[in-house]
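Participant: Have a look at the structure that comes next, please.
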Ligand code: DOR
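Residue numbers (this note's numbering): 7 to 435.
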């Protein structure tokens with residue numbers, strides 16, 4: 007059925023649009039965008055007071071399939087994505103088994119197809135088993151549809167291996183998404199290193215653990231000319247290094263996640279494992295640096311690093327708890343609360359960082375835009391909605407978030423994928 011989105015604030019950086027307009031969707035594509043569109047027979051959706059965005063794209067998601075279907079699957083993860091306004095995601099390769107060969111890339115696309123709710127893409131591992139030792143068959147995995155290369159969850163400690171990976175990645179036109187952590191500096195660390203980690207008696211991870219690898223990877227990107235994307239940036243010094251690299255015209259992009267601009271290390275007080283994440287939550291100064299990086303364009307992408315973990319893996323001593331928090335259902339609301347209301351970003355910049363730039367990074371043609379002829383992936387967001395995070399209402403199979411009980415402002419109300427309304431006002435189609 008055709009859909010007519012009426013009278014929303016349409017924000018489409020690709021066409022330079024930020025105005026009240028209608029959008030007509032036909033046959034899975036954007037058929038028309040403009041004022042007072044008439045479409046007899048189309049389902050009319052009143053979007054007054056709402057923001058209409060090109061479908062949000064998360065370049066950093068963990069759906070845990072294969073291997074930990076008790077924590078998330080393509081179906082449950084897709085539902086969480088839809089509820090959060092995401093129409094496409096890139097799954098990371100750190101599943102069990104690791105997505106490190108062509109057959110497993112094909113498996114992801116076959117299962118994603120069966121789930122059939124959102125657009126699911128996968129990254130493929132840089133090294134076999136994420137062990138950092140032996141390169142994967144990059145060409146074969148690219149041919150099977152891998153959209154990026156990443157050992158996310160682990161750093162590639164051997165710079166020579168990373169160099170070779172980047173050389174292959176360049177040949178096949180793939181970005182390398184780097185999890186920047188010096189494993190020697192971060193060894194046994196469980197939170198940010200500083201006065202608070204000392205007070206809590208927990209082993210810290212210094213910011214330098216991230217920054218030295220950001221700087222190393224920038225150098226290797228420059229050496230190889232490959233496309234480098236730095237995952238989940240958290241530290242002030244890393245952002246400064248990226249700013250300088252961009253000034254030097256190195257081909258590097260980067261992302262941060264909502265927890266790095268909304269929370270500080272104080273969130274782990276009381277040994278709250280819900281706030282244990284890698285890289286760790288940092289200080290107020292870092293949060294400010296992340297915001298500055300977002301506003302001045304140093305940080306290109308806002309991703310979620312949606313990392314579901316079972317209660318068994320979180321309800322243990324802080325040292326033993328798994329790292330990560332779920333993010334898909336809260337990201338857009340946190341962006342609205344902290345960045346838009348906080349005057350850090352406008353909606354155009356939000357669309358840029360949550361749809362346009364992610365589509366460009368992953369080479370997703372037809373996505374990241376509401377222009378005529380684009381794929382009809384659309385997110386309708388109500389900036390005025392107020393809601394409270396409740397565990398019972400989380401769609402993700404895992405409930406690991408430090409946000410339970412928190413009030414958030416703004417909510418994705420309609421999520422359209424390929425011209426179909428998949429989620430509308432709390433209900434799935
Ligand atoms: O906190 C994290 N969790 N950071 C990562 O890099 C990996 C992720 C996971 O897979 O749980």
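Positions of the beta carbon are idealized from the N, C-alpha and C atoms, including for glycine.
From residue 69 to residue 12, what distance separates their C-alpha atoms?
Facilitator: Distance between the alpha carbons of residue 69 and residue 12 is about 34 Å.
Participant: Helix, strand or coil: which one does DSSP assign to residue 281?
Facilitator: helix
Participant: Determine the extent of the alpha helix (DSSP H) in which residue 85 is found, giving its start and end residues.
Facilitator: Residue 85: member of the alpha helix (DSSP H) spanning 80-90, first to last residue.
Participant: Write down every uninterrupted run of the alpha helix (DSSP H) in the region 235-274 whose length is 4 residues or greater and which is fully enclosed by it, in chain order.
Facilitator: With a minimum length of 4 residues, the continuous alpha helix (DSSP H) runs that stay inside the region 235-274 are 242-253, 264-268.
Participant: What's the C-alpha gap between residue 260 and residue 238?
Facilitator: Approximately 8 Å, taken between the alpha carbons.
Participant: For the 8 Å Cβ check, are there 3 or more pairs between the region 373-386 and the region 317-330?
Facilitator: The region 317-330 and the region 373-386 do not touch, with fewer than three beta-carbon pairs separated by less than 8 Å.
Participant: What three-state label does DSSP hand residue 192 in the structure shown?
Facilitator: DSSP places residue 192 within a helical segment (H, G or I) once states are collapsed to three.
Participant: Which value, in whole angstroms, describes the spacing of the CA atoms of residue 40 and residue 216?
Facilitator: 46 Å
Participant: Does the separation of the CB atoms of residue 60 and residue 375 fall below 7 Å?
Facilitator: yes
Participant: Could you tell me if residue 346 is buried or exposed, where buried requires 16 or more neighbouring beta carbons within 10 angstroms of its beta carbon?
Facilitator: buried
Participant: Near residue 290, which residues of its chain fall below 7 Å by C-beta distance, leaving aside the five closest residues on each side in sequence?
Facilitator: 270
Participant: For residue 145, I'd like the list of residues in its chain whose CB is within less than 8 Å of its CB, leaving aside the five on either flank, ordered along the chain.
Facilitator: 174, 177, 178
Participant: Determine the DSSP secondary structure at residue 184, reduced to helix, strand or coil.
Facilitator: Strand, per DSSP.
Participant: Put residue 434 into one of helix, strand or coil per three-state DSSP.
Facilitator: strand
Participant: Is it buried or exposed for residue 76, if we count other Cβ within 10 angstroms and need 16 for buried?
Facilitator: exposed
Participant: For the ligand DOR, which residues have a Cβ under 5 Å from at least one heavy atom, in chain order?
Facilitator: 68, 159, 283, 284, 313, 329, 330
Participant: Apply the 10 Å Cβ neighbour rule to residue 294 and answer buried if 16 or more other Cβ atoms are within range, or exposed otherwise.
Facilitator: exposed
Participant: Note down, in chain order, each residue of its chain lying with its Cβ closer than 7 Å to the Cβ of residue 163, except the 5 sequence neighbours on either side.
Facilitator: 138, 189
Participant: Counting along the chain, where does the beta strand (DSSP E) carrying residue 303 start and finish?
Facilitator: First-last for residue 303: undefined, no H or E at that position.
Participant: Helix, strand or coil: how does DSSP classify residue 154 here?
Facilitator: strand
Participant: Measuring straight from C-alpha to C-alpha, what distance separates residue 32 and residue 73?
Facilitator: C-alpha separation (whole angstroms): 38 Å.
Participant: At the level of alpha carbons, what is the spacing between residue 320 and residue 210?
Facilitator: So the two alpha carbons sit approximately 19 Å from each other.
Participant: Please state whether the Cβ-Cβ distance between residue 136 and residue 160 is less than 7 Å.
Facilitator: yes
Participant: Among 251, 343, 242, whose alpha-carbon lies nearest the alpha-carbon of residue 298?
Facilitator: Of 251, 343, 242, the residue nearest in Cα terms is 242.
Participant: Name the residue from 251, 353, 84 whose alpha carbon lies nearest to the alpha carbon of residue 333.
Facilitator: 84
Participant: Of the residues 222, 109, 292, which one's Cα is nearest the Cα of residue 198?
Facilitator: 292
Participant: Measure the CB-CB distance between residue 103 and residue 354 and report whether it falls below 7 Å.
Facilitator: Not in contact: residue 103 and residue 354 (Cβ atoms no closer than 7 Å).
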